[in-house]
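A quick write-up on the structure given underneath.
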Amino acid sequence: MPPSGTDMQTILQATLDVAGVGAAIVFDDTGRLVCHRGHAIYDQALCEQLGASLAKAVDAVELQHEEWETISARYSDGKLILRNLGSIGGSGHVLAVVADASLNLAFATVAIRVAANKLKKALGGGASSSALSGTLPADVPAQSSATLARSSSILGGEPVAGAVERAAVQDLLAIYTNYLGPAAKLVFKQQLAALGVTSRTLRRSQVDEFVALLAAKIPVAVRQREFGAAIREYRERTLI
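Next comes the structure, spelled out in structure tokens:
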């Protein structure tokens, strides 16, 4: 029997019950919110914004560390912990925990690990997105149908049609690094943003424009031409 939205809510509630935790959310690799639990300030609209922003940060990390497990960050008055839930139904999923400075990190790490294992099973069990965004328990404010609709078709979503494979994007970065040097990762990310895409949503039809943007950032004309030739040779071999 597939898990219900309540199952997901219950898993996240156990994390929220850890002292210091303000919100626990699950989002996919496009930044779309799958499920959330949080104190009053962390309503669905805010959690959707968090998911979108954090997905971009995760995307940048995965360019170099695709098999990451946990990311933690400290800021002036709190902590942020991200746990990789892996790929389910063709989409990557992440658990994010937002906490204040009182969080006992050692204790929270155990709770997050337990929650992550349960969430992987729940996500893999095929819970429908309508179930995950359905009626919340009475202590959580109800969301408008318009807002809930934005979370539909999340779980098990298909990859972006025509997107360049992840491995090919990483190969493009490796080639670019050979010609631009240490700044390549930053410039690569900036040019993706200039096209309005991420490393997961770059389409095959955009590769020519993307390569042109990258080449323009190489300061030496000869190296620009060499980079272009290397990319053409790579694309002939891989058919991207």
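FYI, our numbering numbers position 191 of the sequence shown as 195, with every residue one higher than the one before it. Backbone N, C-alpha and C define an ideal beta-carbon position, used for all residues, glycine too.
Next on the checklist: For I169, tell me which candidate among A28, T181, R241 and L206 has the shortest Cα-Cα distance.
Outcome noted: Per the sequence shown, residue 169 should be read as Glu rather than Ile. Between E169 and the set A28, T181, R241 and L206, the nearest pair of CA atoms involves L206.
Checklist entry - Bridge partners of F31, per DSSP? => result L37 and V98
Next on the checklist: Less than 7 Å between the beta carbons of K193 and A64, yes or no?
Outcome noted: yes
Checklist entry - Do K228 and I222 have their CB atoms nearer than 7 Å? => result Correcting the residue identity first, residue 228 is Gln in this sequence and not Lys. Yes.
Checklist entry - From this set, L127, G82, H69 and L54, which residue's C-alpha is nearest D11's C-alpha? => result L127
Checklist entry - Per DSSP, which one or two residues make a beta bridge with I75? => result L86
Checklist entry - Do P186 and the ligand ATP come close, with the Cβ less than 6 Å from some heavy atom? => result As presented, the structure is devoid of all ligands, the ligand ATP included, so that no description of it is given.
Item to check | Other residues of its chain near A18: CB distance less than 8 Å, five sequence neighbours each side excluded | outcome: A115, V118 and A119
Checklist entry - Could you check where the alpha helix (DSSP H) with S80 kicks off and where it finishes? => result Counting along the chain, S80 falls outside any alpha helix (DSSP H), and DSSP gives it neither H nor E.
Item to check | Identity of the residue in Y46, T113 and D32 nearest G26 by Cα | outcome: Checking every option, the nearest Cα to that of G26 belongs to Y46.
Checklist entry - Where does R241 land, buried or exposed, given buried means 16+ other C-beta within 10 angstroms? => result exposed
Checklist entry - With 16 as the cutoff for other CB atoms within 10 Å, does T202 come out buried or exposed? => result buried
Checklist entry - With a CB to CB cut of under 6 Å and the five nearest residues on each side skipped, what residues in its chain are close to L37? => result F31, C51, E52, G55 and S155
Checklist entry - If you run the structure through DSSP and keep just helix, strand and coil, what is A187? => result coil
Next on the checklist: Excluding the 5 residues flanking K83 on each side, which residues of the same chain have their C-beta closer than 6 Å to its C-beta?
Outcome noted: Cβ neighbours of K83 within its own chain (closer than 6 Å, five residues either side excluded): A103 and L107.
Checklist entry - What residue range is occupied by the uninterrupted alpha helix (DSSP H) comprising V168? => result No alpha helix (DSSP H) holds V168; DSSP gives it neither H nor E.
Item to check | Among L109, G90 and A110, nearest to K122 - alpha-carbon criterion | outcome: G90
Checklist entry - Is V22 near A100, with beta carbons less than 7 Å apart? => result For V22 and A100, no; Cβs fall outside 7 Å.
Checklist entry - When you compare each of L184, R204, L190 and E71 to A165 by their alpha carbons, which one comes out closest? => result R204
Checklist entry - CA-CA distance, Q13 and Q195? => result If you draw a straight line from the Cα of Q13 to the Cα of Q195, it comes to about 38 Å.
Item to check | Distance between L177 and A215 (C-alpha atoms, nearest Å) | outcome: One point to set straight first is that residue 215 is Val, not Ala, in the sequence displayed. Approximately 11 Å between the Cα atoms of the pair.
Checklist entry - Considering Y238, what are the terminal residues of the alpha helix (DSSP H) in which it resides? => result A225 to T242
Checklist entry - When DSSP labels each residue in this structure, what does R207 get in the three-state scheme? => result Note: R207 maps to strand in three-state DSSP.
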